[in-house]
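Trainee:
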Amino acid sequence: METSTPTQASAAEPATAPPDTLTAAIIDDEDRHFKRRIGWFTLAALTFTGMIGSGWLFASYYAAGMAGPAALGSWIIAAIATALVGLTFIELGVTRPIAGGSTRWPSILSGPFVGIMIGWVLLLQTAFGTPSEASGLLQYASNWWPALVDHGKLSVLGLVLAAVVLVLFTGLNWFGVLVMTRISNVITIFKLIVPLITIVLLFASGFDATNVQTGGGFAPYGGGGMLTAVIGAGLIYSFGGIQTPAVMAGEARNPRRNIPLGTFVGFAAAFVVYILLQSSYIWTIPNDLLAKGGWHGLNFDSPFAQLAGLLNLAWLTQLLLVDAVVSPAGSLLLGIGTNGRVTYGVAQGRILPRWVIRVNEKTGIPHNALIVNLVISIVFLLVFQSWQGLVASLGFFFAVGYSVIAVAAGVNSRDPRLIARPWMKKGMGVVAPVSFVISGLILYWSGWQQIWISVLLFAISLPIAVIVKMRDKEIFTTKVLLQGAWFFVYMLFILGASALGSFGGANLVAGPWDSILVAVITAGFYVWGYRSSIAWLYSKAAADAVGVYY
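Per the working numbering, residue 4 is the first one in the sequence shown, and the count goes up by one each step.
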């Protein structure tokens, strides 16, 4: 291991550090088994595939139901938040290209307690993520086989087949990253062409400029509906693929070039598709349906396929039903692969048993992590049983993870162990706190009903993780753990603010003042988290813990 005196001067040496050098710390032997084979185009395809999954089939429908035409504003808010988050992931992926980085970077840069909490949050994110795609796939397939769905949720038969799908796609990920990426590249072409055909044909066949007026105006449910849709309609979830290139950084060629390029090419393509899809949905819904019950009154199980049927586009309906299997299938294939790297990263932080981090030397795949994820995913599939029930919670956990990554990116260049040049030489000091504040607002806008359930799941798992980590008494002392207390208090603040605010709470603080207040206090939490992380970085405990996290 190579160390340096923790001074500001040693924080970065751009003149001597090779562009893609790992931090000068111990890399676990299992890390060396990953194969660096992925270029920027494949990373862009993986990002796009991760975004255009079940989200494109359902998100526009749910967003319009919550916000009406103002759902377009919801997409813009979600995209801005996601772009800022993308910059923080790129910064960390370029300077620390390690597998499962989203779970390991917070531990390295903010200390063990934050590492504990974000590890469990990301496990919960994994638990909701893959079953959501399997659920979306079966929900659309119910058009051919109605017995798969019962009262808006998967039936017993649907749950069994969804579990079989999870097992099958875990098997496809078993044989190496090239198998996953080659299949994904083919699926990406299909996933780009079908939405574009859908957009053109819907506009050509059913455009009605009076829909906005008939449905009650541009924002019939107010600004609150537009903000709630960011989480509740699955918009943040739909952009979740933004982290894929950074999470796969341990397998990327030339990370400094390929991670940024792949991230933003894939993200930009997905954003354009989603805006056009939302527009086509808003302006092609039959006017008589809107007149009956407004945007809330629309009731579709397979939104775009049924809309195509209402517009007498029978062949498009069948194409959409085929794509309804292909799109979630592609995202599911990718999600299982990336989530395997996330769980690998969690295990590297000693939250999970050591056997979980084993990587097959021949394929470069963390097989045991895939098995752990499969078991967790099936359990959560059986509990939540529907696409919206899964993605609403998933969006919350995405935003929690984004908050912690923002702090990690903000302190990254101050790490005395870092020898790779920062990707963003200027600007991260602004991007990181702004990203943190926006992530906090997204958490708050998700609403009381969603927040208390998600925080409860987080709180139940936290004591178990702390007990496990305290076995490493030389590193995980009470003092070190308390350096991460800011994050725990932050979660309690979001819970309390939601209980009192206007997004499903007691409305003791009315909008927009509640959002303004949350933004200001959230900025204070960023300062607290930043200072606690800096204190951790320059402590002896941080130097002692290097081998644990790399």
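Every residue gets a Cβ at the ideal spot worked out from N, C-alpha and C, and that includes glycine.
I'd like to check one pair, V215 with P72: are the Cβ atoms closer than 7 Å?
Mentor: Here residue 72 refers to the residue found at position 69 when the sequence shown is read from its first residue. Here residue 215 refers to the residue found at position 212 when the sequence shown is read from its first residue. Yes, these two residues count as a Cβ contact at 7 Å.
Trainee: Using the rule of at least 16 other Cβ atoms within 10 Å of the residue's Cβ for burial, across every protein chain shown, is R420 buried or exposed?
Mentor: For the purposes of this step, residue 420 is identified with residue 417 of the sequence shown, where counting begins at 1. With 16 or more Cβ atoms within 10 Å of its Cβ, R420 is classed as buried.
Trainee: Decide if D517 is buried, meaning its Cβ has at least 16 other Cβ atoms within 10 Å, or exposed.
Mentor: Position 514 of the sequence shown, counting from 1, holds the residue named residue 517. Residue environment for D517: buried (at least 16 other C-beta atoms within 10 angstroms of its C-beta).
Trainee: Within 10 Å of its beta-carbon, does P466 have 16 or more other beta-carbons around it, so buried, or fewer, so exposed?
Mentor: Stepping through the sequence shown from its first residue, residue 466 is reached at position 463. Exposed, by the Cβ-count rule.
Trainee: Spell out the partners DSSP gives I41 in its beta bridges.
Mentor: Your numbering for residue 41 matches position 38 in the sequence shown. In the DSSP output, where bridge partners are listed per residue, I41 has A255.
Trainee: Can you grab the Cα-Cα spacing for the pair Y224 / D211, in whole Å?
Mentor: Reading the sequence shown from its first residue, position 221 is the one you call residue 224. Reading the sequence shown from its first residue, position 208 is the one you call residue 211. Between Y224 and D211, the C-alpha separation is close to 21 Å.
Trainee: Mapping DSSP to helix, strand and coil, what is V362?
Mentor: Walking along the sequence shown from the start, residue 362 turns up at place 359. In this structure, V362 counts as coil in the three-state DSSP scheme.
Trainee: For M470, count the other beta carbons within 10 Å of its own beta carbon; 16 or more makes it buried, fewer makes it exposed. Which is it?
Mentor: What you label residue 470 is simply residue 467 of the sequence shown in a count that begins at 1. The sequence given here has Ile at residue 470, not Met. With fewer than 16 Cβ atoms within 10 Å of its Cβ, I470 is classed as exposed.
Trainee: Quick check: the stretch 89-98 against the stretch 260-276, are there 3 or more CB pairs under 8 Å?
Mentor: The stretch 89-98, when compared against the stretch 260-276, does touch it at the 8 Å Cβ threshold.
Trainee: Among residues of its own chain, excluding the 5 on either side of P134, which ones have a beta-carbon nearer than 8 Å to its beta-carbon?
Mentor: In the sequence shown, the residue the question calls residue 134 occupies position 131. A165, L169, S380, I381, F383, L384, F387 and L393, listed in sequence order.
Trainee: Pair every Cβ in the stretch 485-494 with every Cβ in the stretch 113-123, then say whether three or more of these pairs are closer than 8 Å.
Mentor: yes
Trainee: Got a sec, what are the start and stop residues for the alpha helix (DSSP H) T85 sits in?
Mentor: On the sequence shown, position 82 is the one that residue 85 refers to. Looking at the DSSP string, the run of the alpha helix (DSSP H) that includes T85 is A74 to T98.
Trainee: Excluding the 5 residues preceding and the 5 following P356 in the sequence, name in chain order all residues of the same chain whose CB lies nearer than 8 Å to its CB.
Mentor: For this step, residue 356 is matched to residue 353 along the sequence shown. Result list for P356: A350, in chain order.
Trainee: Quick one: is D326 buried, meaning 16 or more other Cβ sit within 10 Å of its Cβ, or exposed?
Mentor: Residue 326 sits at position 323 when you count from the first residue of the sequence shown. Buried, because 16 or more other Cβ atoms sit within 10 Å of the Cβ of D326.
Trainee: Please classify W448: is it buried, with 16 or more other beta-carbons within 10 angstroms of its beta-carbon, or exposed?
Mentor: Here residue 448 corresponds to residue number 445 of the sequence shown, with the count starting at 1. Result: buried.
Trainee: In this structure, how does DSSP classify D418 when only helix, strand and coil are distinguished?
Mentor: As a working note, residue 418 is residue 415 in the sequence shown. Of the three classes helix, strand and coil, the one that applies to D418 here is coil, per DSSP.
Trainee: For G343, which residues of its own chain have a beta-carbon under 8 Å away from its beta-carbon, when the five flanking residues on both sides are left out?
Mentor: For the purposes of this step, residue 343 is identified with residue 340 of the sequence shown, where counting begins at 1. Only N176, I368, P369, A372, L373 and N376 meet the Cβ criterion.
Trainee: Counting pairs of beta carbons, one from the stretch 498-511 and one from the stretch 427-440, are three or more of them closer than 8 Å?
Mentor: no
Trainee: What is the DSSP secondary structure of K156, counted as helix, strand or coil?
Mentor: The residue labelled residue 156 in the question sits at position 153 within the sequence shown. DSSP places K156 in strand when its eight states are reduced to three.
Trainee: On the three-state DSSP scale, how would you describe F210?
Mentor: Taking the sequence shown and counting its residues from 1, the one referred to as residue 210 is at position 207. Assignment of F210 by DSSP, reduced to helix, strand and coil, places it in the coil class.
Trainee: Hey, which unbroken runs of the alpha helix (DSSP H) at 4 residues or more fall wholly within the stretch 272-335?
Mentor: 290-296 and 306-313
Trainee: Is it buried or exposed, N315, if we count other Cβ atoms within 10 angstroms and call 16 or more buried?
Mentor: Counted from its first residue, the sequence shown places residue 315 at position 312. Exposed, by the Cβ-count rule.
Trainee: Measuring only the C-alpha atoms, how far is W78 from A544?
Mentor: As a working note, residue 78 is residue 75 in the sequence shown. As a working note, residue 544 is residue 541 in the sequence shown. About 43 Å.
Trainee: Please classify W148 as buried or exposed, where buried requires at least 16 neighbouring CB atoms within 10 angstroms.
Mentor: On the sequence shown, position 145 is the one that residue 148 refers to. Exposed.
Trainee: With 7 Å set as the bound, which would you pick, yes or no: does the beta-carbon of D517 sit closer than that to a beta-carbon of chain D?
Mentor: Going by chain labels, chain D is absent from the structure shown, which holds only one protein chain.
Trainee: Between G297, A502, I111 and V250, which has its C-alpha nearest G89's C-alpha?
Mentor: Mapped onto the sequence shown, residue 89 falls at position 86. The candidate whose alpha carbon is nearest that of G89 is V250.
Trainee: Check K482 in the structure and name its three-state DSSP category.
Mentor: Working through the sequence shown from its first residue, we reach residue 482 at position 479. It is helical.
Trainee: With distances taken from CA atoms, which of G219, A412, A130 and A82 is nearest K3?
Mentor: This structure does not reach residue 3, given that the chain is present from 4 up to 553, and the question cannot be answered.
Trainee: Do L112 and S536 count as a contact pair if the criterion is CB distance below 7 Å?
Mentor: In the sequence shown, counting from the first residue as 1, residue 536 sits at position 533. In the sequence shown, counting from the first residue as 1, residue 112 sits at position 109. Closer than 7 Å, so yes.
Trainee: Secondary structure at M69, three-state DSSP: helix, strand or coil?
Mentor: Along the sequence shown, one-based indexing puts residue 69 at 66. M69 falls in the helix class under three-state DSSP.
Trainee: Under 8 Å by Cβ, that's how I've got G413 and Y493 pegged, so tell me the actual separation to the nearest angstrom.
Mentor: The residue labelled residue 413 in the question sits at position 410 within the sequence shown. The residue labelled residue 493 in the question sits at position 490 within the sequence shown. Actually they are not in contact, since the Cβ atoms of G413 and Y493 sit about 15 Å apart, beyond 8 Å.
Trainee: Quick check on W148: does DSSP put it in helix, strand or coil?
Mentor: Sequence index remark: in the sequence shown, residue 148 carries index 145 (1-based). Coil, per DSSP.
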